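To start, the structure under review is shown below, and the notes come after it.
Residue numbers (the numbering used here): 27 to 558.
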């Protein structure tokens with residue numbers, strides 16, 4: 027017998043155990059098995075098999091793992107003929123499950139369909155199914171964190187998203203992965219989408235700059251980090267940039283590095299996922315719909331470029347690996363391992379001046395070595411590149427001001443500090459936790475902690491020292507190496523002035539010609555889909 031549903035009585039163990047709905051339904055396709063279902067205020071779906079021993083524990087689905095639930099009238103032609111009045115509802119959950127070969131947990135799909143046949147009237151059965159589906163969806167909504175100064179949000183249900191996909195990203199499997207992994211989950215979560223396949227460099231940049239964005243509740247990129255970089259800069263070039271940049275962004279990893287996807291997963295679960303597991307996790311975030319504020323960094327170059335970055339800026343060894351390994355992009359993330367091994371044969375040294383505005387008092391900074399305040403002499407110096415004065419940056423484009431930065435032809439403020447060393451192997455400014463899927467460079471980073479994490483490696487480090495550094499990055503243990511050449515300091519702003527034009531720079535993995543660059547953090551001006 028399949029009973030109806032109705033409010034249950036409160037449990038003595040607490041309000042979270044209060045039964046909101048209860049009923050007896052058949053599990054599809056094993057219709058010979060009936061289950062007593064209980065839906066609790068604590069967002070649990072309890073399933074007790076009818077006829078089981080009284081002390082048998084109930085199976086349970088946590089609705090915090092649920093991405094969707096819908097009701098419908100029939101389940102196949104044969105079942106419709108046998109029970110034309112029956113209705114059904116299906117619950118889609120993606121709980122964490124421990125893998126076979128390691129201690130990490132990844133999400134896997136669990137779908138349960140139940141038949142409602144409490145009445146001979148189809149409308150009454152459909153109403154019961156709709157009641158269950160609606161209540162399950164309500165209890166599945168993520169709890170919005172209440173943190174001081176951080177405004178979280180939630181996508182509407184149902185919602186419509188714009189998907190920008192680069193079919194050539196990474197190993198070239200983005201479109202296939204979207205159709206086989208992402209699209210089914212979006213259907214389960216009742217998320218409609220419009221897909222735009224990029225055809226050239228900066229295509230997404232131009233598209234979001236001109237497009238009417240009011241049709242979509244979120245902008246989704248399926249590629250590597252570079253496509254999200256294009257979207258953000260396209261949004262910041264719009265006349266309505268202040269509202270446009272508030273549109274929730276989402277990354278579905280299909281590139282080689284996938285650093286922001288790895289960071290988002292780390293913030294939510296503190297675990298490392300790769301490939302399809304990471305993609306499923308990020309798609310799950312999108313289906314849940316929670317979005318959080320995210321800092322952006324405004325970068326200005328001596329030639330007048332204005333760029334916005336969400337991930338990192340680098341010069342030296344790290345950027346060389348990123349650029350050199352591009353030829354191996356079909357290998358996926360293995361391209362970085364190959365590129366690192368190649369470049370380790372010859373460690374180049376890059377000469378320049380590095381200055382920064384500390385994020386906290388120098389006495390409490392976690393860094394190696396001594397940094398000097400700007401002296402009266404070097405505060406009056408004009409930055410030089412190849413012996414020529416560097417022009418001041420023009421005030422063009424986005425109206426967002428950079429109050430911490432001054433033009434290159436003006437002295438830096440006295441509260442800035444100058445790194446005494448002028449020979450570097452690598453400089454990385456990062457604002458998320460990960461530099462790649464398994465490169466945990468800044469474990470202390472958050473989406474909105476108002477800091478640039480400045481790491482630099484000075485000349486003198488050996489090849490073995492670099493190997494140990496990269497090996498330690500997997501666990502984020504590189505600072506415990508106590509390497510005298512590795513320095514770290516949290517900053518609000520920085521300026522890098524190369525003495526020669528040697529070596530390319532990268533911004534969020536994208537190539538930037540070598541020239542003086544400075545940047546500052548802007549707190550919580552964008553939003554991105556994230557985990558709870």
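Heads up, the beta-carbon is just placed ideally off N, CA and C, and yes, glycines get one too. Given the structure is predicted, the values throughout are model-derived calculations rather than measurements.
Through-space distance from residue j to residue i, alpha-carbon basis
i	j	result
residue 539	residue 453	15 Å
residue 136	residue 481	42 Å
residue 278	residue 133	15 Å
residue 60	residue 94	22 Å
residue 396	residue 514	Note that residue 396 scores a pLDDT of 45, beneath 50, so its modelled location is shaky; the value from the coordinates is reported in the next line. So the alpha carbons of these two residues sit roughly 12 Å apart.
residue 48	residue 65	6 Å
residue 311	residue 557	5 Å
residue 116	residue 123	21 Å
residue 41	residue 244	35 Å
residue 71	residue 386	48 Å
residue 303	residue 372	35 Å
residue 295	residue 435	45 Å
residue 153	residue 113	9 Å
residue 196	residue 291	19 Å
residue 69	residue 268	37 Å
residue 249	residue 335	17 Å
residue 253	residue 510	36 Å
residue 143	residue 51	8 Å
residue 138	residue 307	20 Å
residue 223	residue 237	15 Å
Proximity below 7 Å, CB of residue i to CB of residue j
i	j	result
residue 473	residue 320	yes
residue 483	residue 507	no
residue 227	residue 274	no
residue 382	residue 219	no
residue 451	residue 342	yes
residue 524	residue 378	yes
residue 111	residue 151	yes
residue 456	residue 466	no
residue 535	residue 348	yes
residue 288	residue 460	yes
residue 283	residue 462	yes
residue 380	residue 522	yes
residue 280	residue 337	no
residue 256	residue 230	yes
residue 276	residue 555	yes
residue 327	residue 500	no
residue 370	residue 235	no
For residue i, the residue or residues it bridges with in DSSP
i	result
residue 189	221 and 246
residue 524	378
residue 60	52
residue 341	453 and 531
residue 16	Residue 16 lies beyond the residue range present for the chain, which begins at 27 and ends at 558; the question has no answer from this structure.
residue 97	115
Close beta carbons around residue i, own chain, < 8 Å, minus the five adjacent residues each side
i	result
residue 309	207, 208, 211, 212 and 278
residue 232	260
Own chain partners of residue i with C-beta closer than 6 Å, once the 5 adjacent residues on each side are dropped
i	result
residue 340	454 and 532
residue 156	97
residue 314	168
residue 148	111
residue 188	220, 242 and 245
Beta-carbon contacts of residue i that lie in its chain and below 7 Å, excluding the five residues immediately before and after
i	result
residue 406	Any answer about residue 406 is weak, because its pLDDT of 32 lies below 50 and its placement is not dependable; what the coordinates show is given next. Within the same chain, residue 406 has close Cβ partners 437.
residue 161	46, 47 and 65
_Validate contact between the region 190–208 and the region 166–179 using beta carbons, cut 8 Å, 3 pairs_ = By the criterion of at least three beta-carbon pairs nearer than 8 Å, the region 190–208 is not in contact with the region 166–179.
*Is there contact between the region 459–478 and the region 543–556, where contact requires at least three CB pairs shorter than 8 Å?*
Yes, the region 459–478 is in contact with the region 543–556.
*Please confirm if the region 258–268 is in contact with the region 86–93, defined as three or more CB-CB distances below 8 Å between the two stretches.*
Contact between the region 258–268 and the region 86–93 is absent: fewer than 3 CB-CB pairs across the two stretches fall below 8 Å.
*asked:* Contact between the region 159–171 and the region 73–83 is defined here as three or more beta-carbon pairs at a separation below 8 Å; is this criterion met?
replied: Judged by Cβ distances under 8 Å, the region 159–171 makes no contact with the region 73–83, as fewer than three pairs qualify.
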